[in-house]
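*Asks:* Got a structure for you, questions after.
Residue numbers (mature numbering (1 follows the signal peptide of the UniProt record, and there is no 0)): -19 to -1, 1 to 94.
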């Protein structure tokens, strides 16, 4: 009888121990060209099972007046996402990453430098 109770206890605890380290999937927004409050191209969703998660990239171009002008935003899933600022000549790309909450990369407006 003691072995039976021990077996029941182990079977009851096993799922909690086994699944403890598994993070839930994160649902992300996808849009290749987001401008003026709407997705103009490539609208959809993606799911990140593990890894960094949802990515938001804001694209800016340097104007002749000497300032950065917002152009568009891209939203997607990315396995190796790292928040960063990338500069290449007259192009600036600001990257933001998030995970753990569905649609955490929902576009909330252009980000300033």
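Glycine included, every Cβ here is placed at the ideal spot set by N, Cα and C.
When the Cα of residue 57 is compared with those of 72, 26 and 5, which residue comes out closest?
*Replies:* Residue mapping note: residue 57 aligns to position 76 of the chain shown, counting from 1. The shortest Cα separation from residue 57 among 72, 26 and 5 belongs to 26.
*Asks:* Under 6 Å Cβ to Cβ from residue 36, same chain only, skipping five residues before and after it: list those, please.
*Replies:* What you label residue 36 is simply residue 55 of the chain shown in a count that begins at 1. For residue 36, where only same-chain residues beyond five positions count, the Cβ hits under 6 Å are 57, 59, 62 and 78.
*Asks:* Going along the chain, which residues of its own chain have a beta-carbon closer than 6 Å to the beta-carbon of residue -4, five neighbours each way excluded?
*Replies:* Within the chain shown, numbered from 1, the residue matching residue -4 stands at position 16. Low local confidence applies: a pLDDT of 46 at residue -4 is under 50, so the model's placement there is unreliable, with the coordinate-based value given in what follows. None.
*Asks:* If you follow the beta strand (DSSP E) that residue 52 is in, where does it begin and where does it stop?
*Replies:* Residue mapping note: residue 52 aligns to position 71 of the chain shown, counting from 1. Its beta strand (DSSP E) spans residues 49 to 59.
*Asks:* If we count the other Cβ atoms within 10 Å of its Cβ and call it buried at 16 or more, is residue 17 buried or exposed?
*Replies:* Here residue 17 refers to the residue found at position 36 of the chain shown. By the neighbour-count rule (16 or more Cβ atoms within 10 Å), residue 17 is not buried but exposed.
*Asks:* Thinking C-beta only, is residue 9 closer than 9 Å to residue 83?
*Replies:* Looking up residue 83 in the chain shown gives position 102. Looking up residue 9 in the chain shown gives position 28. Yes. Within cutoff.
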